[in-house]
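A.B. asks:
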Amino acid sequence: FTIGMDLYALTNKTVYLPRLDVPLILLFFIFLPPIWNIFVVEFLNFFEIKLNKDSKYIKFMMFLNFFSIFMLLFFIILVLLLLRKVYINWLNLEVISLLGRGLI
Numbered sequence: 002f003t004i005g006m007d008l009y010a011l012t013n014k015t016v017y018l019p020r021l022d023v024p025l026i027l028l029f030f031i032f033l034p035p036i037w038n039i040f041v042v043e044f045l046n047f048f049e050i051k052l053n054k055d056s057k058y059i060k061f062m063m064f065l066n067f068f069s070i071f072m073l074l075f076f077i078i079l080v081l082l083l084l085r086k087v088y089i090n091w092l093n094l095e096v097i098s099l100l101g102r103g104l105i
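Numbers 2 to 105, taken from my numbering, label the letters of the sequence shown in order.
#1: When you compare only the Cα positions, how much space is there between residue 34 and residue 47?
#2: Is it right to say residue 56 is buried, meaning 16 or more other beta carbons lie within 10 angstroms of its own, or is it exposed?
#3: Can you tell me which of the three DSSP states residue 69 falls into?
#4: What does the alpha-carbon distance come out to for the pair residue 25 and residue 50?
#5: Rounded to whole angstroms, what is the Cα-Cα separation between residue 83 and residue 77?
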């Protein structure tokens with residue numbers, strides 16, 4: 002269930018990256034409400050249908066947009082933490098190996 006990435010040249014260890022399908026599905030659900038909102042607004046404008054500001058649909062879409070912004074921030078923080086955990090260690094090992102060879 003993980004994607005194995007061999008970095009034997011640097012560390013003699015295998016670095017496992019997490020599955021990529023779950024973040025992609027999360028991204029789809031994060032970006033779905035704003036995109037859906039744009040389509041609905043264009044549809045309503047095309048047929049010149051007016052919605053009250055107090056309508057349940059507008060309140061629901063405002064909630065979804067708000068929620069999607071928080072989910073996007075959470076996703077960005079999650080990706081940054083994951084990158085810090087995997088790639089910073091890898092970069093440090095690469096710099097250390099170059100230092101050991103006297104290339105830097």
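Even for Gly, the Cβ is constructed at its ideal location relative to N, Cα and C.
Small disclaimer: the values here were computed from a predicted structure and weren't measured.
C.D. replies: Here's the rundown:
#1: Position 33 of the sequence shown, counted from the start, is the residue given in the question as residue 34. Position 46 of the sequence shown, counted from the start, is the residue given in the question as residue 47. Their Cα atoms are separated by approximately 20 Å.
#2: What you label residue 56 is simply residue 55 of the sequence shown in a count that begins at 1. The residue is exposed, with fewer than 16 neighbouring Cβ atoms inside 10 Å.
#3: Taking the sequence shown and counting its residues from 1, one reaches residue 69 at position 68. In the three-state scheme derived from DSSP, where H, G and I count as helix and E and B as strand, residue 69 is classed as helix.
#4: Residue numbering aside, residue 25 sits at position 24 when the sequence shown is read from its first letter. Residue numbering aside, residue 50 sits at position 49 when the sequence shown is read from its first letter. Their backbone Cα atoms lie some 35 Å apart in a straight line.
#5: Walking along the sequence shown from the start, residue 83 turns up at place 82. Walking along the sequence shown from the start, residue 77 turns up at place 76. Residue 83 and residue 77: Cα-Cα distance of roughly 10 Å.
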